[in-house]
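Below is one structure, written out as structure tokens, with a few remarks after it.
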Amino acid sequence: MPATTRAQRTEELAREIVVQRPPDFGDFWSAAEAELAAIDPAAEFVFREDLSTEEVEVFDVRFTGLGHVRAAAWYTRPAGLDGARAIPGILVSPGYISEPTLGKAWSKRGYAVMGVAPRGKLRAEGQVNPGYPGLLVSDILDPVAYTYRGFYLDAVRAFDLLADRPEVDAERVGLLGISQGGGLGVVVAALRPDVVRCAVIGAPFLVGIMESAALTSSYPYQEINEYLAVHPAAIEQVTTTVAYYDGLNFADRIRADILIHLGLNDDICPPETGYALAHALPTAPEVLAYDTCGHDAGLPAATTPIAAFFAERLRPPTKQAAVSSADSELGIDT
Amino acid sequence: MNGTTTSHDEFWADLDGELGAVPPALELKRHAYLSGPEYTVYMARFSSLGHHRVTGYLSIPTAPGPHSGLLELPSRYGSVVHVPHPNDRRRHVVLTLMHRGQRLSDVPLKASFPGFFSRGIEDPRTWVYRGVVADCLRASEVLASIEAVDPSRIGAVGDDSTIIVAARRQSLAAIRVDVVRYSGAWSRRRSTDAYPLEELNELERRNPSIAAKVESTLAMFDPAVQLASEVDVPALVTIPEGVDRQPYQRLIQALGAGATAFPTSHFEYEHDDARDAWISAQLGVEPMTRFDHAAGRRAARAASDVA
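Listed in order, the protein sequences are those of chains S and U. Count along the first sequence starting at 1, add 374, and that's the number in the numbering used here. Count along the second sequence starting at 1, add 472, and that's the number in the numbering used here.
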């Protein structure tokens, strides 16, 4: 059941979280996007009969991202589409240590789903492989070289590929992710404000990054603490770099409808940073806060409102069935 | 006991014999980033079945020992294993295993997810999880060999490979089964399209004729068939909300009087603390929470800033 008093207390604490926006933040990402746009995605969709069912078709997707790095995704769609009517799409972004989502559960309910595997994830680690732990601090002293730059844009490119699919209605495309997946949702929604219709953001990672590292000793943020314990003089540069990547600095660009779900005892992504994101959005999001939950952020109880949120905005062609309570179907993990 | 007993015993004896013929050849390399004033962390490399080199995080408290030992066995289906939490590094000698196929243990076998769970599953001798279980058994031997460990206070947490290790080795004092992988897998597959069990459904769709062989392989590893009855240490078995309880109840029954069922409702905060309290009590250390309320964290940090 959503909490009240602790939620209010946490929301008040969120107002203390301030992230300095680099003066060239907009130019930084415009340049990165221009760099990406100049690279042919060279997308390949290979049908995987072995993974497909009577209800869902599965494709192994490969594409090229920033720096000509090949990344990957799983693409699933309802079987037997006749092309008469376009279907809605959902980009599912992975958690920090989770494998990319193969979204059969959502496709059974009428959605085309792209489960992106940004660089470093399995099937996308041939050229870039910072390891886990390691991604969060990989080349963190240089904002342009920081591995998350290409990682973020891999998610953006996967979204573009989804929205461009002929069977997908580009006006009915949403985002889903928990933890790092939620953080990537913030980025994609901000960099594609005119296309993303709605986004479900659970326990967002990469929001209030330095504040989070100060508040927890759980991974992945603990990677920053450990890095700074060995390199204490680097704190200024680390703070500068991650400011270019902090979800709070992307938030004011977002136009999509947002649902944020949080666990008020989340040790991995401190819940006040989720509220800080809510405050930074131009339009107040729907927030579900669960008092007795940690990084599960209310799952599986939250699956019902999440399914309803998408159904209302993306209008899948088939009647919405109750979403399974299996966490893995929603890609929860860090 | 049932008709599978002879082959079951032979199977596990063969595995032990084969593993025993491979020296661990343990190599420790200090990890500068993960080490700190309260613990030293090593990347541990050791040989397992087939001389496959597997890796683990080995953390040893800097305070004088002996310390309790905590063996962290697989708990999720994927390529990445988290570093042990600082709370555990402070209290125990911790060994966290990356089994064959997972990152840092992926030469020459690199796992695909999905696909790993069903690899070679048509025969128990070729199933990749025979090697994974061997990795778990070998990890338990490595942890028990660390001088700083109190051999009477070693616990294991993770999936139901903890039960297999407890049955085949006498080094464990308690086991905490947070998730099940092997128990009732064949029946549990019917109610899900989530991985890894969906791999069994895919296999059956593609090749129905091997279903009986797959079922037979899974039975060999299912702790409830025999191995659980050989465990004589306390066990806490988590039963998640919304699942068919029958496989869990069967497992708990097979474990016997030492088993405690722990039904959960996905309220991670309360349940995680309760599970930590249970294993802490078994191993004689103070419980610790990973969950500090936001206000408490901020107050602590403010006090620290003032100091």
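Glycine included, every Cβ here is placed at the ideal spot set by N, Cα and C. Fair warning: this is a prediction, and the values are worked out from it, not measured in the lab.
Taking Cβ positions only, does residue i come closer than 7 Å to chain S?
{"i": "E742 (chain U)", "result": "yes"}
{"i": "A504 (chain U)", "result": "yes"}
{"i": "P509 (chain U)", "result": "no"}
{"i": "V579 (chain U)", "result": "no"}
{"i": "D622 (chain U)", "result": "no"}
{"i": "L590 (chain U)", "result": "With the sequence shown as reference, residue 590 (chain U) is identified as Ser, and Leu is not the correct amino acid for it. It does not; no Cβ of chain S falls within 7 Å."}
{"i": "V555 (chain U)", "result": "yes"}
{"i": "G550 (chain U)", "result": "yes"}
{"i": "P735 (chain U)", "result": "no"}
{"i": "P558 (chain U)", "result": "yes"}
{"i": "A779 (chain U)", "result": "A caution first: A779 (chain U) carries a pLDDT of 46, below 50, which makes its placement in the model unreliable, though a value can still be read off. So no, A779 (chain U) is outside the interface."}
Interface residues of chain S around residue i at Cβ under 9 Å?
{"i": "R661 (chain U)", "result": "Those within 9 Å of R661 (chain U) in chain S number zero; the least Cβ separation is about 12 Å."}
{"i": "S836 (chain U)", "result": "Any answer about residue 836 (chain U) is impossible in this case: the structure gives chain U only from 473 up to 779."}
{"i": "R517 (chain U)", "result": "Those within 9 Å of R517 (chain U) in chain S number zero; the least Cβ separation is about 15 Å."}
{"i": "R572 (chain U)", "result": "What R572 (chain U) touches in chain S: nothing, since even the nearest Cβ is about 15 Å away."}
{"i": "R563 (chain U)", "result": "The contacting residues do not exist; R563 (chain U) stays about 14 Å from chain S at best."}
{"i": "P546 (chain U)", "result": "In chain order: nothing, as chain S lies at least about 13 Å away."}
Please state if the CB of residue j and the CB of residue i are separated by a distance shorter than 7 Å.
{"i": "V637 (chain U)", "j": "L609 (chain U)", "result": "yes"}
{"i": "S553 (chain S)", "j": "G454 (chain S)", "result": "no"}
{"i": "V697 (chain U)", "j": "A639 (chain U)", "result": "no"}
{"i": "A577 (chain S)", "j": "H669 (chain S)", "result": "yes"}
{"i": "V393 (chain S)", "j": "L622 (chain S)", "result": "yes"}
{"i": "L644 (chain U)", "j": "I626 (chain U)", "result": "yes"}
{"i": "T736 (chain U)", "j": "T710 (chain U)", "result": "yes"}
{"i": "A726 (chain U)", "j": "A700 (chain U)", "result": "yes"}
{"i": "S481 (chain S)", "j": "V430 (chain S)", "result": "yes"}
{"i": "L530 (chain U)", "j": "Y514 (chain U)", "result": "yes"}
{"i": "G489 (chain U)", "j": "A611 (chain U)", "result": "no"}
{"i": "L633 (chain S)", "j": "V562 (chain S)", "result": "no"}
{"i": "R436 (chain S)", "j": "E418 (chain S)", "result": "yes"}
{"i": "S633 (chain U)", "j": "V605 (chain U)", "result": "yes"}
{"i": "R627 (chain S)", "j": "P679 (chain S)", "result": "no"}
{"i": "F684 (chain S)", "j": "G548 (chain S)", "result": "yes"}
{"i": "S547 (chain U)", "j": "G630 (chain U)", "result": "yes"}
{"i": "F536 (chain S)", "j": "G463 (chain S)", "result": "The residue asked about is misnamed: residue 536 (chain S) is Leu in this sequence, not Phe. Cβ atoms of L536 (chain S) and G463 (chain S): closer than 7 Å."}
{"i": "V604 (chain S)", "j": "Y667 (chain U)", "result": "no"}
Report, in whole angstroms, the separation of the C-beta atoms of residue i and residue j, which I expect to be a contact under 8 Å.
{"i": "P415 (chain S)", "j": "T384 (chain S)", "result": "Going by Cβ atoms, the distance from P415 (chain S) to T384 (chain S) rounds to 40 Å, so no, they are not a contact pair."}
{"i": "T512 (chain U)", "j": "E544 (chain U)", "result": "With 8 Å as the limit, T512 (chain U) and E544 (chain U) do not qualify as a contact, their Cβ atoms being about 17 Å apart."}
{"i": "D607 (chain U)", "j": "V526 (chain U)", "result": "5 Å"}
{"i": "R493 (chain S)", "j": "F533 (chain S)", "result": "Their Cβ separation, rounded to whole angstroms, is 15 Å, which puts R493 (chain S) and F533 (chain S) out of contact at 8 Å."}
{"i": "V494 (chain U)", "j": "H523 (chain U)", "result": "6 Å"}
{"i": "A681 (chain S)", "j": "L662 (chain S)", "result": "About 13 Å separates the two Cβ atoms, so there is no contact after all."}
Below 6 Å, is the gap between the Cβ of residue i and the nearest heavy atom of the ligand MN?
{"i": "V600 (chain U)", "result": "Judged by which ligands are present, the structure shown has none, so any question about the ligand MN falls away."}
Less than 7 Å between CB atoms is the rule here; does residue i satisfy it with respect to chain U?
{"i": "I471 (chain S)", "result": "yes"}
{"i": "F507 (chain S)", "result": "In the sequence on display, residue 507 (chain S) carries Pro and not Phe. Output row for P507 (chain S): interface = yes."}
{"i": "R389 (chain S)", "result": "no"}
{"i": "S404 (chain S)", "result": "no"}
{"i": "G705 (chain S)", "result": "Caution is warranted here: a pLDDT of 46 is assigned to G705 (chain S), below 50, making its placement in the model unreliable, and the coordinate value is therefore given only provisionally. Chain U contact via Cβ: absent."}
{"i": "V392 (chain S)", "result": "no"}
{"i": "S591 (chain S)", "result": "yes"}
{"i": "A381 (chain S)", "result": "no"}
{"i": "P415 (chain S)", "result": "no"}
At a CB-CB cut-off below 7 Å, which residues of chain S make contact with residue i?
{"i": "E674 (chain U)", "result": "D424, L425"}
{"i": "F763 (chain U)", "result": "N639, D641, G668"}
{"i": "R678 (chain U)", "result": "D424"}
Applying a beta-carbon distance threshold of less than 8 Å, which residues of chain U neighbour residue i?
{"i": "L476 (chain S)", "result": "P586, Y667"}
{"i": "V604 (chain S)", "result": "A504, Y505"}
{"i": "A479 (chain S)", "result": "D665, A666"}
Residues of chain U with CB closer than 7 Å to the CB of residue i, please, in chain order.
{"i": "E600 (chain S)", "result": "Y505, L506"}
Given that residue i touches chain S, what residues does it touch there, using C-beta distances under 8 Å?
{"i": "R575 (chain U)", "result": "G505, Y506"}
Every unbroken beta strand (DSSP E) within the segment 694 to 767 of chain U, with a cutoff of 3 residues, ordered by chain: 707 to 711, 731 to 735
In chain order, each beta strand (DSSP E) run of at least 3 residues that lies wholly inside the segment 549 to 591 of chain U: Complete beta strand (DSSP E) runs here, min 3: 564 to 570.
Inside the segment 498 to 578 of chain S only - alpha helix (DSSP H) runs reaching at least 4 residues: 521 to 538, 554 to 565
Start-end ranges of the beta strand (DSSP E) lying completely within the segment 488 to 518 of chain U, minimum 3 residues: 499 to 502
Unbroken stretches of the alpha helix (DSSP H), 4 residues or longer, contained in the segment 653 to 692 of chain S: 677 to 688
Segments of 3+ residues assigned as beta strand (DSSP E) that fall wholly inside the segment 375 to 431 of chain S: 418 to 421
Inside the segment 579 to 642 of chain S only - beta strand (DSSP E) runs reaching at least 3 residues: 631 to 637
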